[in-house]
Structures are given as structure tokens and as C-alpha cells.
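Some notes on the structure that comes next.
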Amino acid sequence: MDISELHAIADRERSRRKPIRIHCCTASGCQAIGSTELHRQLVQAVQASGRDDEVEVVSVGCMGFCGGGPLVVVEPNGPRFEHVRPEQASEVVAALDGAPCTVQRSDPHHPFFSHQLPVVLRNGGRIDPERIEEYIAADGYQTLYRVLHDMTPAEVIEQLTRSGLRGRGGAGYPTGLKWGTVAKSRGEQKYVVCNGDEGDPGAFMDRSVLESDPHLVLEGMCIAGYAVGANQGYLYVRGEYPQAISRLRTAINQARRLGILGSQIFDTTFDFKIDIRIGAGAFVCGEETALIASIEGKRGQPRPRPPYPAESGLWGCPTLINNVETLANIVPILRGGADWYASIGTERSKGTKVFALTGKVRHTGLIEVPMGMTLREIVEDMGGGTPDGSPVKAVQTGGPSGGCIPASLFDTPVDYESLAAAGSIMGSGGMVVMDSSTNMVELARFYMEFCMDESCGKCIPCRVGTVQLHRLLSRIHQGIASPADLDLLTQLCSLVRDTSLCGLGQSAPNPVLSTLRYFRDEYEALIQRHD
Amino acid sequence: MGGAKAPAASDNRLKILEATMKRHQHRPDALIEVLHKAQELYGYLTPDLLSSVAHALRIPPSRVYGVATFYHFFSLAPPGEHTCTVCLGTACYVKGAAAILAALEQDRGVRAGSTSADGKLSLLTVRCLGACGIAPAVVLDGDVIGHADAERIRAKLHELLHQGS
Numbered sequence: 000m001d002i003s004e005l006h007a008i009a010d011r012e013r014s015r016r017k018p019i020r021i022h023c024c025t026a027s028g029c030q031a032i033g034s035t036e037l038h039r040q041l042v043q044a045v046q047a048s049g050r051d052d053e054v055e056v057v058s059v060g061c062m063g064f065c066g067g068g069p070l071v072v073v074e075p076n077g078p079r080f081e082h083v084r085p086e087q088a089s090e091v092v093a094a095l096d097g098a099p100c101t102v103q104r105s106d107p108h109h110p111f112f113s114h115q116l117p118v119v120l121r122n123g124g125r126i127d128p129e130r131i132e133e134y135i136a137a138d139g140y141q142t143l144y145r146v147l148h149d150m151t152p153a154e155v156i157e158q159l160t161r162s163g164l165r166g167r168g169g170a171g172y173p174t175g176l177k178w179g180t181v182a183k184s185r186g187e188q189k190y191v192v193c194n195g196d197e198g199d200p201g202a203f204m205d206r207s208v209l210e211s212d213p214h215l216v217l218e219g220m221c222i223a224g225y226a227v228g229a230n231q232g233y234l235y236v237r238g239e240y241p242q243a244i245s246r247l248r249t250a251i252n253q254a255r256r257l258g259i260l261g262s263q264i265f266d267t268t269f270d271f272k273i274d275i276r277i278g279a280g281a282f283v284c285g286e287e288t289a290l291i292a293s294i295e296g297k298r299g300q301p302r303p304r305p306p307y308p309a310e311s312g313l314w315g316c317p318t319l320i321n322n323v324e325t326l327a328n329i330v331p332i333l334r335g336g337a338d339w340y341a342s343i344g345t346e347r348s349k350g351t352k353v354f355a356l357t358g359k360v361r362h363t364g365l366i367e368v369p370m371g372m373t374l375r376e377i378v379e380d381m382g383g384g385t386p387d388g389s390p391v392k393a394v395q396t397g398g399p400s401g402g403c404i405p406a407s408l409f410d411t412p413v414d415y416e417s418l419a420a421a422g423s424i425m426g427s428g429g430m431v432v433m434d435s436s437t438n439m440v441e442l443a444r445f446y447m448e449f450c451m452d453e454s455c456g457k458c459i460p461c462r463v464g465t466v467q468l469h470r471l472l473s474r475i476h477q478g479i480a481s482p483a484d485l486d487l488l489t490q491l492c493s494l495v496r497d498t499s500l501c502g503l504g505q506s507a508p509n510p511v512l513s514t515l516r517y518f519r520d521e522y523e524a525l526i527q528r529h530d
Numbered sequence: 000m001g002g003a004k005a006p007a008a009s010d011n012r013l014k015i016l017e018a019t020m021k022r023h024q025h026r027p028d029a030l031i032e033v034l035h036k037a038q039e040l041y042g043y044l045t046p047d048l049l050s051s052v053a054h055a056l057r058i059p060p061s062r063v064y065g066v067a068t069f070y071h072f073f074s075l076a077p078p079g080e081h082t083c084t085v086c087l088g089t090a091c092y093v094k095g096a097a098a099i100l101a102a103l104e105q106d107r108g109v110r111a112g113s114t115s116a117d118g119k120l121s122l123l124t125v126r127c128l129g130a131c132g133i134a135p136a137v138v139l140d141g142d143v144i145g146h147a148d149a150e151r152i153r154a155k156l157h158e159l160l161h162q163g164s
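Sequences listed follow chains W and F, in order.
Read in numbering that gives the first Met the number 0, the first sequence has 218 at position 219, and its numbers run on one by one without any break.
Read in numbering that gives the first Met the number 0, the second sequence has 14 at position 15, and its numbers run on one by one without any break.
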């Protein structure tokens with residue numbers, strides 16, 4: 000296949016389209032609240048209205064505003080409907096002619112929408128993720144073509160380095176540097192692994208990207224393979240995400256059929272295959288060495304680093320491991336240029352970040368904002384504060400590895416360094432908003448229970464430490480702990496943090512430490528005073 | 000229960016499983032994929048099933064058992080006729096998932112993570128379905144229910160467990 004064929008597919012797709020498209024979100028969130036039936040009803044309503052020559056109903060991926068689901072948007076420039084019930088389908092269709100319509104509409108000028116800068120989520124909710132033609136019509140796979148024909152691997156890596164992109168899985172390691180290391184590592188066989196084991200509870204960015212725009216991730220993986228010299232990729236997806244798995248399978252088959260995956264891609268000497276590996280429910284597999292063990296069919300237990308996977312990863316071969324969102328950034332960066340990307344964000348955190356805004360917040364859903372936006376803008380303006388208007392108490396970022404940031408620090412800009420200075424982490428992008436109904440000791444205990452259950456058992460500080468920490472937190476929560484227990488808690492936190500083998504144990508004390516730092520009064524109120 | 004049936008000559012589940020292993024060229028690294036398939040076919044993993052997988056992939060049974068018990072997805076006990084899974088991710092937790100779980104435990108007399116004595120219901124928990132936008136979420140026999148509350152789930156369970164009996 001050459002570029003003219005790619006353009007021909009895009010042209011065919013554009014001319015096939017009907018002038019009015021009714022986009023109905025069928026990603027997991029909306030599907031769980033009835034969008035499959037809604038989609039069916041919409042199709043019937045269009046047929047019944049006799050307008051099926053100019054109107055089509057398209058099943059699209061996540062539109063982001065999950066709290067308002069099921070969502071329907073009329074393109075071009077039509078209204079956005081929320082909380083649409085299947086029986087309202089005919090009303091939505093009648094509204095195309097300007098008929099009065101009682102279905103709730105969202106305000107496109109609301110900060111939830113207007114503050115966003117979609118880079119990774121550009122196609123989310125706009126294309127049918129089960130049809131490669133729609134992706135190609137949205138300029139898909141042209142970047143891969145251009146990379147394979149006009150750029151050397153070194154040039155690709157140079158662009159990425161200059162863009163300032165950092166790993167979106169949480170740690171924030173410079174992506175260009177990682178790619179460069181794998182490219183330089185010696186080895187006949189190299190691998191690219193996409194980490195889609197999104198385990199942080201309260202985070203669903205990767206799920207949404209995989210369900211809504213799977214080809215974007217596949218194209219990013221292909222480019223990664225070309226840049227580092229790998230011919231095989233593995234996409235590791237959580238078993239909890241059946242829809243993402245099935246859409247990825249469809250996407251891989253479609254790309255393979257068009258010759259975009261396989262051998263001699265776009266008539267070059269570059270071969271690349273992608274296989275899916277399904278996780279089996281172990282949080283620790285998000286850690287890269289544990290993930291490698293899991294792909295090899297073993298228990299997902301981490302091993303000490305170095306050697307890093309960039310030198311010795313899958314079956315001892317140099318392996319590039321990137322998170323889903325990182326790989327989804329590759330195509331936009333190479334398309335828009337490194338300078339454009341580097342112009343977004345802050346000095347040290349470039350580009351955009353996708354967050355899952357959930358919990359006690361009026362507008363829940365998925366947002367993509369430039370780095371450097373403050374927590375206040377995200378939680379208060381975009382999220383609209385708490386549903387009942389009571390004050391927000393804190394926001395939790397980074398899941399079980401992160402921390403709680405109190406409302407008094409909401410002017411903190413969202414970037415890697417500022418969040419770390421506030422005692423939390425960027426993490427993969429979960430943002431859970433809490434009001435006064437959440438007790439912070441109980442929350443710390445909740446996270447510790449999670450880490451205790453998920454500890455793989457390989458190293459003692461994590462295996463035993465998390466159990467002891469959980470026991471202490473339970474004692475405090477039950478009101479039977481002494482002041483000495485609070486000191487012990489702090490000591491044990493440092494011990495587990497400093498001596499655990501992998502990130503799970505090292506970061507497990509974070510929720511405790513951050514709540515101790517900002518909400519110590521809640522701990523002390525529960526401590527029994529014997530004096 | 001379906002999973003406990005003696006393998007009859009007409010049982011082609013083993014054939015399907017063998018085809019899966021063949022597709023992976025009986026490579027040991029396909030173990031997790033094979034166990035996924037085995038559980039999909041049989042509902043849970045019996046000791047016999049684990050040893051036959053070990054034999055076919057030429058790996059020690061201890062390793063197969065180790066992997067099967069490491070991952071939450073794999074179950075070594077037969078599941079109930081119906082399953083109800085309460086999401087305990089942070090977003091669901093903040094919105095009261097723990098109270099839903101407690102209500103269901105009390106209502107059905109089953110502890111989270113176990114199956115009722117009559118084998119009718121497995122009450123399970125999960126650490127985030129990624130359906131945080133519609134928290135709290137509960138899965139009933141594969142159907143995700145968003146914005147769940149204890150009363151609604153209780154009623155749905157009642158309906159499910161007492162239909163046609």
C-alpha cells in the first residue's frame with residue numbers, strides 16, 4: 000500500500016458519509032447505562048423519519064462527559080444531549096428539524112468542555128472505533144507512512160526528545176531518552192510493550208483511549224517499533240476491560256488486512272506485529288518488570304532493576320515499555336511537530352494530560368487539559384465542585400501510590416514536580432474528589448487494604464509492612480490506638496517506602512503520609528488519650 | 000452445576016482448549032492465555048484441568064498452580080449460578096460502594112468473595128472497573144449497572160434469584 004491508496008480510503012470514507020451524523024457513545028460507561036439500546040432506537044427513529052439518506056447514526060467512543068451519559072451529539076455543530084433515554088430517540092431525531100425537544104442539553108461553553116485541549120482524545124467520541132476507515136479519514140496512519148519513508152529512527156527519537164514528552168504512566172521518565180536507550184541497546188531481537196494494565200482504582204484514561212481510538216495506540220506502537228528497531232509489539236490490557244480487548248482485536252485485524260501491520264509495511268523493509276496479552280487481575284503487573292514476567296506467562300512478580308527492561312526485558316531482550324497515553328501522544332507530536340507540542344504546558348512538564356475526574360464532583364468524566372492548569376480550575380471550574388455545593392475537602396491523585404491534596408493547596412499547578420512537592424504524584428491520571436463525608440483515616444486504610452491485597456509477596460517490607468500498616472490504621476480508625484501507635488505508623492511508613500523492592504511497596508505509604516501531613520487532626524481525634 | 004459435569008464423549012471443551020494451546024504452539028509463555036480460555040470454557044479451574052495444562056505445555060504443575068493462584072481472575076472453586084460483583088474502586092468507594100456491599104452481604108447471608116451455600120449466588124468485589132464516571136458500579140451476571148444503590152441492587156438480585164424457581 001502507498002500513500003495514494005491511504006488517501007483513496009480516506010476519500011471513499013468521506014464521500015460515503017451522510018451530511019448529518021448522530022454520534023451515540025457506546026464506550027463502557029455509557030453502555031452500562033443503556034446506550035446500546037439507545038443506539039438501536041436512534042437507528043429506528045432515523046429510518047422512521049425517512050431521513051436516512053442524509054442522516055446516519057454512528058456508534059462512537061468515549062466523549063468524556065461520562066457523568067452526563069448516555070451521550071448523543073449531532074454533527075456538524077449540532078446540540079449535545081445528555082442523559083438520553085432510549086424512548087427519547089425519536090425526539091432527538093425530530094429536533095434535527097428544529098422540533099421542540101425536552102432532552103437535556105449540555106452547554107458547550109461550560110468550562111468542562113471549553114478548558115479542554117484534546118490532543119490524545121482528539122478522535123474520542125468523533126469516530127467509530129470499530130472501523131479503520133474512519134481513523135484513516137481522520138488522517139490516521141499517514142504519520143506512520145511519513146515516518147517510514149521520510150525519517151530515520153534517530154530523527155524520530157530526536158523529535159520526541161525535543162517535544163519534552165514524559166511517561167504518562169506516572170513516573171514521568173523522558174520518553175525520548177527511553178526510546179534512545181532501547182535503540183542503542185545491542186540485540187537482534189527487541190520488543191515494544193504497551194502497558195495497558197491500568198490498575199489505579201479511580202482511573203480510566205487508558206480504557207477510554209483503547210476503546211475510543213485503538214488505532215492511535217497501534218500507530219504509536221508501530222512508530223516506536225521503527226524507532227527502536229523492534230519487529231514485535233505486545234499490548235497488555237487489563238482483563239477487566241472486555242470492550243477494550245474486543246475493539247483492539249478488531250483494530251489489529253483490520254490493520255493487518257490492509258497491510259499496515261505485518262511485513263513490509265507501506266512497501267518498506269519494516270516489519271511489525273502486535274499481539275494482545277490479557278491481564279488476569281494483578282495490580283502489581285503495572286510495574287514494568289512484573290508486567291514482563293506476566294507476558295512471559297509467569298506470576299507477575301517484579302525483579303530488581305538494573306538491568307532495566309531497555310537493556311534486558313522480555314526474554315532478556317531490549318524492551319521498550321510505554322503506557323497507553325504515552326504511545327497515544329506519539330502520532331500527534333510527529334504530526335504537529337516537537338515545537339508545537341513543547342509550546343503546550345509548563346517548563347518541565349510539556350503537553351497535555353488526560354485525567355479521570357470522579358468522586359464527589361458535579362461533572363464527572365474524562366478531561367484532557369494542558370499541563371500547568373491548577374487543581375482549582377480542574378475541580379471547581381471544570382468539575383463544578385461538589386454535587387450538593389458543599390465545600391471540596393481534598394482531591395486524591397495518583398491512586399494507591401499517590402496522595403491527598405487539601406483544598407487549601409488547590410492553586411497547585413498540575414505538573415510532575417508541583418504534585419510531588421505537594422506530597423502526591425501525577426500518577427496515571429486518576430483524580431478523585433472528596434467532600435467532608437470522607438474520613439481521611441478511613442481513606443488511608445482503604446488504600447492500604449488495597450496495597451496489602453495486591454502485594455505480590457516477593458519482598459518482606461511490602462508483604463509484611465503493608466499488613467502491619469493496615470492493622471495500625473484499623474486500630475486508629477476503631478479508636479483503640481495510642482499516641483505511640485501514631486509514631487509507629489510514621490516509622491513504618493518510612494521503612495516500607497525505603498526498603499521495598501518495587502514501586503508498589505515504595506509508594507504504598509504515600510496515601511498515609513499525605514493524609515498525616517494535611518489531616519493529622521483527623522488521626523489525632525481518633526487516638527485514645529490515657530493521660 | 001455445569002462446571003462439575005463428568006467429561007462425556009460429546010464434551011468438546013477439551014478439544015477447544017487443545018486448539019488454543021496448539022495455536023500458541025504449546026509455548027510455556029502462553030500459560031496465562033490458556034488458563035483464561037480454560038476458565039472461560041469450564042467456569043473454574045479444577046486440579047485435573049491444571050495438571051493437564053501443565054502436561055501439555057511441558058511445565059511443572061507447581062508453576063501452573065502458582066500462576067493460577069497468583070492472579071485474581073482465576074478461580075479454583077466453582078462459581079455460583081449468578082454472580083454479583085461490587086466495584087470497590089476509589090470513585091465507587093467515595094460514593095458509598097462499601098455500604099452497598101454490606102447491605103448485600105447482610106441481605107443474602109453471603110460474605111464478599113464467597114458463594115452462597117445453595118450455590119445460587121457468588122458475591123464478589125473488584126478493584127475498579129474503570130466505570131468511575133457512573134460510580135458506584137455493580138456488575139450483575141456481566142451487566143454493568145451504573146449509579147447503583149443498595150435498594151435497587153437488592154431488588155434486582157431478588158428478582159434474579161427467585162425467577163422461575
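Heads up, the beta-carbon is just placed ideally off N, CA and C, and yes, glycines get one too.
Because the structure is a prediction, the values reported are computed rather than measured.
In the structure shown, the three-state DSSP call for Thr411/W is coil. For Val192/W, the closest C-alpha among the options Ile320/W, Arg20/W, Val330/W, Gly504/W is that of Ile320/W. The residue among Leu260/W, Glu218/W, Pro405/W with its C-alpha nearest the C-alpha of Ser435/W is Pro405/W. Around Asp28/F, the beta-carbon contacts reaching into chain W at under 9 Å are Ile294, Glu295, Gly296, Lys297, Trp314.
The C-alpha of Val353/W lies about 19 Å from the C-alpha of Val59/W.
In this structure, Val91/W sits away from Leu37/W, with a CB-CB distance that is not shorter than 7 Å. Chain F has no Cβ within less than 7 Å of the Cβ of Val208/W. Taking the beta carbon of Ile133/F as reference, the chain W residues within 7 Å of it are Gly28, Ala31, Ile32, Cys65, Gly68, listed in sequence order.
Beta-carbon to beta-carbon, Val323/W and Ile222/W are separated by about 14 Å, too far to satisfy the 8 Å threshold. In the assembly as shown, Lys392/W is a buried residue. Its beta-carbon has 16 or more other beta-carbons within 10 Å.
Take Ala229/W, set aside five residues on each side of it, and the residues of its chain with a beta-carbon closer than 6 Å to its own are Lys189, Tyr190, Val191, in chain order. Ranked by Cα distance from Asp452/W, the first of Ala524/W, Val283/W, Asp486/W is Val283/W. When DSSP states are grouped into helix, strand and coil, Gln395/W belongs to the strand group.
Excluding its 5 nearest sequence neighbours in each direction, Leu257/W has no C-beta neighbour in its own chain below 6 Å. Here the C-alpha atom of Ser473/W lies approximately 26 Å from the C-alpha atom of Thr357/W.
At a cut-off of 7 Å between beta carbons, Thr396/W makes no contact with chain F. Counting along the chain, Glu132/W sits inside the alpha helix (DSSP H) bounded by residues 131-136.
Neighbours of Arg12/F in chain W, taken as residues whose beta carbon is under 8 Å from its own, are absent, since the nearest beta carbon is some 19 Å off. By the Cβ-count criterion, Ala9/W is buried, with 16 or more other Cβ atoms from all chains shown falling within 10 Å of its own Cβ.
Put simply, of Thr498/W, Gln46/W, Phe449/W, Ala337/W the residue whose alpha carbon is nearest the alpha carbon of Gly201/W is Phe449/W. Counting only residues of its own chain and dropping the five nearest sequence neighbours on each side, Pro128/W has a CB closer than 7 Å to the CB of Gly60, Glu210, Ser211, Asp212, Pro213, Arg246.
Put simply, the backbone Cα of Arg185/W is about 8 Å away from that of Pro317/W.
The Cβ atoms of Leu41/W and Val56/W lie closer than 7 Å to each other. Taking a Cβ-Cβ threshold of 9 Å, the residues of chain F close to Glu197/W are Cys127, Gly129, in chain order.
In this structure, Gly397/W sits near Ile424/W, with a CB-CB distance shorter than 7 Å.
A distance of 7 Å or more separates the beta carbons of Arg50/W and Phe80/W. The beta carbon of Glu86/W is closer than 8 Å to those of Gln40 in its chain, skipping five residues each way along the sequence.
The straight-line gap separating the alpha-carbon atoms of Pro46/F and Leu75/F is approximately 8 Å. At a cut-off of 7 Å between C-beta atoms, Thr89/F counts as an interface residue with respect to chain W. For Gln242/W, the enclosing alpha helix (DSSP H) stretches over residues 241-256. Rounded to whole angstroms, the Cβ separation of Ile244/W and Leu260/W is 17 Å, and the two are not in contact under 8 Å. The beta strand (DSSP E) runs lying completely inside the segment 303-345 of chain W and spanning 3 residues or more are 318-322, given in chain order.
Shown here is that no member of the segment 99-113 of chain F has a Cβ falling below 8 Å from a Cβ of chain W.
With the criterion set as a beta carbon lying under 8 Å from some beta carbon of chain W, the members of the segment 61-82 of chain F are Arg62, Gly65, Val66, Phe69, Tyr70, His71, Phe72, Phe73, in sequence order.
For Arg20/W, the secondary structure class from DSSP, reduced to helix, strand or coil, is strand. Measuring C-alpha to C-alpha distances from Gly139/W to each of Glu12/W, Asp96/W, Met433/W identifies Glu12/W as the nearest.
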